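Asks:
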Amino acid sequence: QHLLGRIDRLDGELNSFITVTFDQALATADAADKTRAAGKAGPLTGLPLALKDIFCTRDVRTTAGSRMLDNFVSPYDATVVEKLATAGTVSLGKTNMDEFAMGSSNENSHYGPVKNPWDLAAVPGGSSGGSAAAVAAGLVPAAIGTDTGGSIRQPAAFCGITGLKPTYGRVSRYGMIAYASSLDQAGPMARTAEDCALLLSAMAGHDLRDSTCVARGVPDYTEELDTPLAGLKIGLPREYFGDGLDPQVETAVRDAIKVFESLGASVREVSLPHTHYAIPAYYVIAPAEASSNLSRFDGVRFGHRCDAPVDLIDLYKRSRAEGFGDEVKRRILIGTHTLSEGFFDAYYKKAQQVRRLIRQDFLDAFEEVDVLMGPASPTPAFDLGANKDPVSMYLQDIYTIAVNLAGIPGMSVPAGFAGRRPVGLQILGSHFTEARLLNVAHQFQ
Ligand code: GLN
48 QHLLGRIDRL DGELNSFITV TFDQALATAD AADKTRAAGK AGPLTGLPLA LKDIFCTRDV
108 RTTAGSRMLD NFVSPYDATV VEKLATAGTV SLGKTNMDEF AMGSSNENSH YGPVKNPWDL
168 AAVPGGSSGG SAAAVAAGLV PAAIGTDTGG SIRQPAAFCG ITGLKPTYGR VSRYGMIAYA
228 SSLDQAGPMA RTAEDCALLL SAMAGHDLRD STCVARGVPD YTEELDTPLA GLKIGLPREY
288 FGDGLDPQVE TAVRDAIKVF ESLGASVREV SLPHTHYAIP AYYVIAPAEA SSNLSRFDGV
348 RFGHRCDAPV DLIDLYKRSR AEGFGDEVKR RILIGTHTLS EGFFDAYYKK AQQVRRLIRQ
408 DFLDAFEEVD VLMGPASPTP AFDLGANKDP VSMYLQDIYT IAVNLAGIPG MSVPAGFAGR
468 RPVGLQILGS HFTEARLLNV AHQFQ
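The C-terminal position of the sequence shown is numbered 492 in our numbering, with every residue numbered one higher than the one before it.
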């Protein structure tokens, strides 16, 4: 009730929620109280949280931030939603996001931009901007996001919270509306690494309904949180400290790294030589997958349908023209182009080859060091409306995107401020080292 009151009071200004489920939340909380009274409470029983509006929920609409899905109610729950409900959490609603998770500032939402609670003139980051802002504003203690190229880590950094993108395949994508299927991964966003560990323990695990979800045991991610960091080998990728990095962000990140040294870690420079190809490769692969995934929105089966179509082609054309926003259309065009005959080898196939090299860069680095550290984003949160050029927006993701191409896990943890705006330290590990990343972040916090 307390949090629903805060949402009522504060979210008119912040706009972090698309849908608030007041009645369902109170009913679920009552059920959690009964579970607790019966002595059957687990660590998450009764925990209020919010779900990015990309996770399908039965009975509550799921918009993906798009006009296309404004009226869409899924007939089933996403696996993540199901697992979090089984763990006893209480969803307070669905958070705002860039349309179909395409964006870095939450300004691409059909439901309007979200404000950064630290500075209302600033963006919260994207695409999970609603989730990050809701946690930062104390509207919920935790939220779930998705990360295709940085959409958990960058908004976590901009809003001064902790976010984790797990290894590709760690968490089921079933019922998560697909953007780029080979890159999308769900993860927790909360105040601390410890909270993220509790959430990930409940979210992760094999799912027969997602063939890319890995059959691998789920540890209790809180178990290693207290392991001392003496002897930890930290690598600083040279390419993450170069041109374009805001000096205040660099200072905050370097100060954080000194804290790890004081805890007994050693630091050395490493190189990820193909870093500068990550954005071009991503902006071929992600739109290609998106153009394919979004072909299902044809006005026939679900989603927006235009009025009075004269024939089938008119139905497709006008439903899609009216339902999708500009950025989504831009990506469908790019993806359709790069997948078309005559361009496939030059763009899509080449990008996949580059992707393999980027992955190898990380594998080579992890032969030498345990974790990599650097900034989550080259700048702190920018002003709403300040970044109008799509390509300069794409460049925001320079430090986060390669991680998705490689499939490795990554976190952003709060590491001070640039003026009033938070800075995020990014911590990366090799595949399935989430427990280690959470441990490293926890020792810092
Ligand atoms: N900003 C990137 C994009 O627009 C990443 C978004 C994401 O991770 N979903 O595609």
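Heads up, the beta-carbon is just placed ideally off N, CA and C, and yes, glycines get one too. Predicted model only: the values in this text are computed from it and were never measured.
Report yes if the C-beta of M458 is less than 6 Å from at least one heavy atom of ligand 1; otherwise report no.
Replies: Translated into positions along the sequence shown, residue 458 becomes position 411. Because no heavy atom of ligand 1 lies under 6 Å away, the Cβ of M458 does not count as near it: no.
Asks: Pull up the distance between the alpha-carbon of T82 and that of P275, whole angstroms please.
Replies: By 1-based counting over the sequence shown, the position of residue 82 is 35. By 1-based counting over the sequence shown, the position of residue 275 is 228. C-alpha separation (whole angstroms): 36 Å.
Asks: So which of R348, M115 and C243 has the shortest CA-CA distance to L94?
Replies: To locate residue 94, count along the sequence shown from 1; it is residue 47. The shortest C-alpha separation from L94 is found at C243.
Asks: Return yes when the C-beta of M236 is under 6 Å from any heavy atom of ligand 1, and no when it is not.
Replies: Within the sequence shown, numbered from 1, the residue matching residue 236 stands at position 189. Outside the cutoff, so no.
Asks: Have a look at the DSSP bridge pairing and note the partners of K305.
Replies: Here the question's residue 305 lines up with position 258 in the sequence shown. Bridge partners of K305: none, in fact.
Asks: When DSSP builds the beta bridges, which residues end up paired with D273?
Replies: Within the sequence shown, residue 273 is the residue found at index 226, counting from 1. According to DSSP, D273 bridges with nothing at all.
Asks: With a Cβ-Cβ cutoff of 7 Å, do M115 and F371 count as a contact?
Replies: In the sequence shown, the residue the question calls residue 115 occupies position 68. In the sequence shown, the residue the question calls residue 371 occupies position 324. Closer than 7 Å, so yes.
Asks: So, with DSSP's three-state summary, where would you put I191?
Replies: For the purposes of this step, residue 191 is identified with residue 144 of the sequence shown, where counting begins at 1. I191: strand per DSSP, three-state reduction.
Asks: Taking A233 as the reference, which of H253, K212 and S156 has the closest Cα?
Replies: Locating residue 233 in the sequence shown gives position 186, where the first residue counts as 1. Taking only the C-alpha atoms, the option nearest A233 is K212.
Asks: Residues in the same chain with beta-carbon distance under 7 Å from G140, minus the five sequence neighbours each way, listed in chain order, please.
Replies: Your numbering for residue 140 matches position 93 in the sequence shown. F64, T66, V67, T68 and A97, listed in sequence order.
Asks: Can you tell me whether K212 is helix, strand or coil according to DSSP?
Replies: For the purposes of this step, residue 212 is identified with residue 165 of the sequence shown, where counting begins at 1. Residue state, collapsed to three classes: strand.
Asks: Which partner residues of Q473 appear in the DSSP bridge assignment?
Replies: By one-based count along the sequence shown, residue 473 stands at place 426. According to DSSP, Q473 bridges with G421 and S459.
Asks: Once DSSP output is grouped into helix, strand and coil, what is the label at G454?
Replies: The count along the sequence shown starts at 1 and reaches residue 454 at position 407. Coil.
Asks: If you check the beta carbons only, do Y268 and V331 fall under 7 Å apart?
Replies: The residue given as residue 268 occupies position 221 in the sequence shown. The residue given as residue 331 occupies position 284 in the sequence shown. No.
Asks: Assuming V300 and P469 make a contact with CB atoms under 8 Å, what is their CB distance in whole Å?
Replies: Position 253 of the sequence shown, counting from 1, holds the residue named residue 300. Position 422 of the sequence shown, counting from 1, holds the residue named residue 469. Not confirmed; about 12 Å, so no contact.
Asks: Kindly indicate the opening and closing residues of the alpha helix (DSSP H) around L96.
Replies: The residue given as residue 96 occupies position 49 in the sequence shown. Counting along the chain, L96 falls outside any alpha helix (DSSP H), though it belongs to the beta strand (DSSP E) covering P95 to K99.
Asks: According to DSSP, what are the bridge partners of I281?
Replies: The residue given as residue 281 occupies position 234 in the sequence shown. BP columns for I281 point to V314 and V418.
Asks: Please report the straight-line C-alpha distance between A518 and H49, rounded to a whole angstrom.
Replies: Past the edges of the chain, shown from 48 to 492, lies residue 518, and the structure says nothing about it.
Asks: Go through its chain and collect everything with a Cβ distance to Y363's Cβ below 7 Å, but skip five positions before and after it.
Replies: For this step, residue 363 is matched to residue 316 along the sequence shown. Closer than 7 Å at the Cβ level, and outside the excluded window around Y363, lie D345 and G346.
Asks: Just to check my reading of the structure: S338 and T383 have Cβ atoms closer than 8 Å, yes? What is that Cβ distance to the nearest angstrom?
Replies: Along the sequence shown, one-based indexing puts residue 338 at 291. Along the sequence shown, one-based indexing puts residue 383 at 336. Indeed, because the Cβ distance is near 5 Å, the residues count as touching under 8 Å.
Asks: How many whole angstroms separate the CB atoms of S175 and T193, which I take to be in contact at a CB cut-off of 8 Å?
Replies: For the purposes of this step, residue 175 is identified with residue 128 of the sequence shown, where counting begins at 1. For the purposes of this step, residue 193 is identified with residue 146 of the sequence shown, where counting begins at 1. Contact holds; Cβ gap of about 6 Å.
Asks: Check whether the Cβ of M36 lies closer than 6 Å to any heavy atom of ligand 1, and answer yes or no.
Replies: Lying outside 48 to 492, the shown extent of the chain, residue 36 is not represented and no answer is given.
Asks: By the DSSP assignment, the beta strand (DSSP E) with F64 in it spans what residues?
Replies: Along the sequence shown, one-based indexing puts residue 64 at 17. Segment F64 to V67, the beta strand (DSSP E) holding F64.
Asks: Within the same chain, show all residues whose beta-carbon is closer than 7 Å to that of T195, passing over the 5 residues directly before and after it, in chain order.
Replies: As a working note, residue 195 is residue 148 in the sequence shown. A148, Y226, A227, L230, D231, A333 and N451.
Asks: In whole angstroms, give me the CA-to-CA distance for R56 and Q71.
Replies: Position 9 of the sequence shown, counted from the first residue, corresponds to residue 56. Position 24 of the sequence shown, counted from the first residue, corresponds to residue 71. If I take the Cα positions, the gap works out to 19 Å.
Asks: By DSSP's criteria, N163 is part of a beta bridge. Which residues make up the other side?
Replies: The residue you call residue 163 lines up with position 116 of the sequence shown. Looking at the DSSP assignment, N163 forms a beta bridge with D166.
Asks: Three or more C-beta pairs closer than 8 Å, one from the stretch 426 to 436 and one from the stretch 143 to 162: is that the case here?
Replies: Output reads yes: the stretch 143 to 162 touches the stretch 426 to 436.
Asks: I'd like to know if the stretch 276 to 291 and the stretch 406 to 416 are in contact, where contact means that at least 3 CB-CB pairs between them fall below 8 Å.
Replies: As far as the Cβ criterion goes, the stretch 276 to 291 touches the stretch 406 to 416, which means the pair count is three or higher.
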